[in-house]
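Presented below is the structure to which this report refers.
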Amino acid sequence: MAVERASSEEQMLIEMVRDLAREQVAPRAAQIDAEGAFPWDMKELLAKQDILAMPFPEQYGGLGSSEVSILMTIEELAKACATTALLLCVQQLGALPILLAGTEEQKQRFIPRLATGEWLAAYALTEPGSGSDAGAMRTKAERRGDTYVLNGLKHFITNAGIAHINTVFAVTDPSATGTRGISAFVVEDGTPGFHLGKIENKMGIRGSQTGELVFEDCAIPAANLLGKEGEGFKIALATLDRTRPGIAAQALGIAQGALDFAVQYAKQRVQFGKPIFDNQAVQFMLADMDIKVEAARRLVYHAGELMDAGVSRFSRESAIAKTYASDIAIEVTNDAIQVLGGYGYMKEFPVERMMRDAKICQIYEGTNQIQRVVIARALGG
Ligand SMILES: Cc1cc2nc3c(=O)[nH]c(=O)nc-3n(C[C@H](O)[C@H](O)[C@H](O)COP(=O)(O)OP(=O)(O)OC[C@H]3O[C@@H](n4cnc5c(N)ncnc54)[C@H](O)[C@@H]3O)c2cc1C
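Each residue of the sequence shown is one higher than the one before, counting from 15 in this note's numbering.
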């Protein structure tokens, strides 16, 4: 079974997460969705249970967990609440550029407080004019003495105005060809010239705060440059390769949650004098949902295993996992609504929320069309 892939300590952690998700996260999910406000209580819960420490090495106060166990944890949380699962996804996304490209001094400065959950992270790549074509960004960072001065705007940023640590990508050399003029920086909350812009009103993951980051003559220490000037885009893509399986795990969890609910409902709902589960048409729908969820699980864990094995190239597997898991999450949540009939369409039951939450997994961290570009590129050699 799934948990055998993790060490026994990690198995215990995942079982703890499963209980936590069922007992403390699931009862909050509908309210988080209805209120559309950032769930600070869920952040505290994950921090207290060391779940936010999982992606960080032990020497910086983290748990140093395997990728597979992080994916399983995201899956368990997403079964109950996709917004809560996203807290762990984005803690890893925003911090990974520091882990991948930061100096020892930068890691010591930033990571321990991310590992405790005192600070949250954000990853700021997207701009209004550059989404899929992220390399066309216009935010600039100009070197002035011991500082870089940032000007520009990032949008659709998860944890905007919530995160303390913002990994921001900006152009340092406009004359460089392609994406070679882009660099990566850490911008700390409270830096003069850095403020929150518009906050979006979204279809799903409604407790996650998505918004604009505005930079107006924002001077940050030159010591906050990650890697060398010009390496920013490489760092951005290397990060996404490693975090897309997390989005796949989020989609997988949502789909499993919807399937579990639909099965339980079908066994209880009586029409024509018998549970609707007794109709083969309903059984086959549930069986097809199960096939898709199980196939997605294999792809998600496989991507994690490759990372844990230290394989250097896994963009294709990461993109396949994200694409497949998010595509089936839409199909499975849609079918779950169908199994519930009219009740599935009502907010009283969780499956309509699950379908709204599943949709974002086809879009963020690169749309599924862009994932197919990545996969096709690997096929091209
Ligand atoms: C809720 C939410 C949270 C987000 N969080 C973050 C975050 O934390 N950090 C961050 O940096 N970004 C974040 N994003 C941005 C997200 O990654 C982008 O929305 C996404 O990459 C698509 O960019 P776009 O919205 O500009 O769409 P566009 O790039 O304009 O794409 C529109 C459509 O065209 C298609 N398309 C574009 N180019 C091609 C092509 N070459 N071939 C085939 N099809 C193509 C796309 O697949 C899509 O269907 C978030 C977005 C949302 C909605």
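All C-beta atoms in this analysis are idealised placements derived from N, C-alpha and C, irrespective of residue type, glycine included.
(request) Starting from residue 291, follow the beta strand (DSSP E) in both directions and report where the run begins and ends. (result) Segment: none, residue 291 is in no beta strand (DSSP E) and carries neither H nor E.
(request) Please state whether DSSP places residue 57 in a helix, a strand or coil. (result) Of the three classes helix, strand and coil, the one that applies to residue 57 here is helix, per DSSP.
(message) Pop quiz: residue 344 and residue 372 are said to be a contact at Cβ under 8 Å. What is the actual Cβ separation, rounded to whole angstroms?
(response) About 5 Å separates the two Cβ atoms, so the contact holds.
(message) For residue 171 and residue 250, what's the separation of their Cα atoms in angstroms?
(response) If you take the alpha carbons of residue 171 and residue 250, they lie about 14 Å apart.
(message) Closer than 8 Å to a non-hydrogen atom of ligand 1 - does that hold for the CB of residue 22?
(response) No, the Cβ of residue 22 stays beyond 8 Å of every heavy atom of ligand 1.
(request) Measure from the alpha carbon of residue 264 to the alpha carbon of each residue in 80, 379, 141, then state which is nearest. (result) The option with the nearest alpha carbon to residue 264 is 379.
(message) Distance check for residue 254 and residue 246, CA to CA, integer angstroms please.
(response) If you take the alpha carbons of residue 246 and residue 254, they lie about 13 Å apart.
(message) Please report the distance separating the alpha-carbon of residue 240 from that of residue 185.
(response) Approximately 13 Å, taken between the alpha carbons.
(request) Starting from residue 340, follow the beta strand (DSSP E) in both directions and report where the run begins and ends. (result) No beta strand (DSSP E) holds residue 340; the alpha helix (DSSP H) holding it covers 329-354.
(request) Going by CA-CA distance only, name the one from 384, 27, 370, 294 that's closest to residue 336. (result) It is 384 whose Cα lies nearest to the Cα of residue 336.
(message) If distances are taken between C-alpha atoms only, which option among 36, 84, 24, 25 comes closest to residue 317?
(response) Nearest option by C-alpha distance: 84.
(request) Identify whether residue 285 lies in helix, strand or coil by the three-state DSSP scheme. (result) Looking at residue 285 - three-state DSSP - the assignment turns out to be strand.
(message) What does DSSP give as the partner residue(s) for residue 363 in the beta ladder?
(response) Beta-bridge pairing links residue 363 to no other residue.
(message) Comparing C-alpha positions only, which one of 217, 281, 118 sits nearest to residue 73?
(response) When the alpha-carbon of residue 73 is set against those of 217, 281, 118, the nearest one is in 118.
(message) If I measure Cβ to Cβ from residue 176 and keep anything under 8 Å in the same chain, skipping five residues before and after, which residues do I get?
(response) Excluding positions up to five away in sequence, the list reads 52, 134, 136, 223.
(message) Let me check understanding here. Comparing Cα to Cα, which of 131, 166, 124 lies closest to residue 12?
(response) Since the first and last residues shown for the chain are 15 and 395, residue 12 lies out of range.
(message) Can you list, in chain order, the residues of its chain with a C-beta nearer than 6 Å to that of residue 107? Leave out the 5 residues immediately preceding and following it.
(response) Hits under 6 Å: 137, 257.
(request) Give the range of the alpha helix (DSSP H) segment to which residue 197 is assigned. (result) Residue 197 -> not in any alpha helix (DSSP H); beta strand (DSSP E) instead, spanning 196-202.
(message) Between residue 293 and ligand 1, is there a pair consisting of the residue's CB and a ligand heavy atom that are separated by less than 8 Å?
(response) Checking the Cβ of residue 293 against ligand 1 gives no.
(message) Give me the residue from 234, 261, 233 with the minimum Cα distance to residue 219.
(response) The option with the nearest alpha carbon to residue 219 is 261.
(message) Taking the alpha helix (DSSP H) that residue 47 belongs to, which residues open and close that run?
(response) Residue 47: member of the alpha helix (DSSP H) spanning 40-49, first to last residue.
(request) Less than 8 Å between the CB atoms is what I'm expecting for residue 11 and residue 236, so what's the real figure, rounded? (result) In this structure the chain extends from 15 to 395, so residue 11 is not present and cannot be described.
(message) So residue 296 and residue 272 are supposed to be a Cβ contact under 8 Å. How far apart are they, rounded?
(response) Not quite, the Cβ-Cβ distance comes to about 15 Å (not below 8 Å), so this is no contact.
(request) Output the distance between the C-alpha atoms of residue 388 and residue 315, rounded to the nearest integer angstrom. (result) Each residue's Cα considered, the two are about 19 Å apart.
(message) Measuring only the C-alpha atoms, how far is residue 381 from residue 146?
(response) Distance between the alpha carbons of residue 381 and residue 146: 7 Å.
(message) So within the stretch 198-273, which uninterrupted beta strand (DSSP E) runs reach at least 3 residues, ignoring any that extend past its ends?
(response) Look at the stretch 198-273 and you find these whole runs of beta strand (DSSP E), each 3 residues long or longer: 208-213, 224-235.
(request) Spatial neighbours of residue 131 within its chain, please: CB distance less than 7 Å, with the 5 preceding and 5 following residues excluded, ordered by chain position. (result) 57, 60, 61, 66, listed in sequence order.
(request) Please report how far the alpha carbon of residue 204 lies from the alpha carbon of residue 392, in whole angstroms. (result) When rounded, the distance between both Cα atoms is 42 Å.
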